[in-house]
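Reading through the structure tokens given below for one structure.
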Amino acid sequence: MTDGLNLDPNLSRPDDFYDALLKAHQDLSGDQSRDFNARLILILANHIGDLGVLEQALDAARAVSPDAARAV
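Under the working numbering, the first residue of the sequence shown carries the number 8, and numbering increases by one thereafter.
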């Protein structure tokens with residue numbers, strides 16, 4: 008079991024990841040983009056594999072206020 012959810016910056020190349028994520032959504036419709044996000048979430052959840060960590064991630068995502076979420 009892991010120690011828990013890591014919310015500290017942990018991506019070695021965050022700008023490159025963001026660029027790749029934007030490119031992955033390029034030319035997708037709104038529905039296709041939502042479907043892509045759902046698949047990506049499930050793939051990453053499977054990779055993490057620890058229900059406790061996933062629940063912490065869900066709680067952290069829920070804790071963001073609607074106004075803050077719009078600013079992201």
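Quick reminder that beta carbons are idealized off the backbone N, C-alpha and C, glycines included. Predicted model, so just to flag it, every value in this text is computed and none were measured.
The segment 58 to 65 / the segment 39 to 49 touching (three or more Cβ pairs under 8 Å): Using a C-beta cut-off of 8 Å, the segment 58 to 65 makes no contact with the segment 39 to 49, since fewer than three inter-stretch Cβ pairs fall below that distance.
Whole angstroms is fine: what's the gap from D22's alpha carbon to L65's? Locating residue 22 in the sequence shown gives position 15, where the first residue counts as 1. Locating residue 65 in the sequence shown gives position 58, where the first residue counts as 1. Between D22 and L65, the C-alpha separation is close to 24 Å.
Where does R20 fall in DSSP's three states? Position 13 of the sequence shown holds residue 20. In the structure shown, R20 sits in coil (DSSP, three-state: anything other than H, G, I, E or B).
Rounded distance between the beta-carbons of L28 and A67, thought under 8 Å: Translated into positions along the sequence shown, residue 67 becomes position 60. Translated into positions along the sequence shown, residue 28 becomes position 21. Contact doesn't hold; Cβ gap of about 19 Å is too wide.
Suppose contacts are defined by Cβ-Cβ distances below 8 Å. Is L12 in contact with Q63 by that definition? Walking along the sequence shown from the start, residue 12 turns up at place 5. Walking along the sequence shown from the start, residue 63 turns up at place 56. It is a contact, given that the beta carbons lie within the stated cut-off.
In the structure shown, what three-state DSSP assignment does S36 receive? Translated into positions along the sequence shown, residue 36 becomes position 29. Per DSSP, reduced to three states, the secondary structure at S36 is coil, with no helix or strand assignment.
Can you look up D10 in the DSSP assignment and give me helix, strand or coil? Counted from its first residue, the sequence shown places residue 10 at position 3. Note: D10 maps to coil in three-state DSSP.
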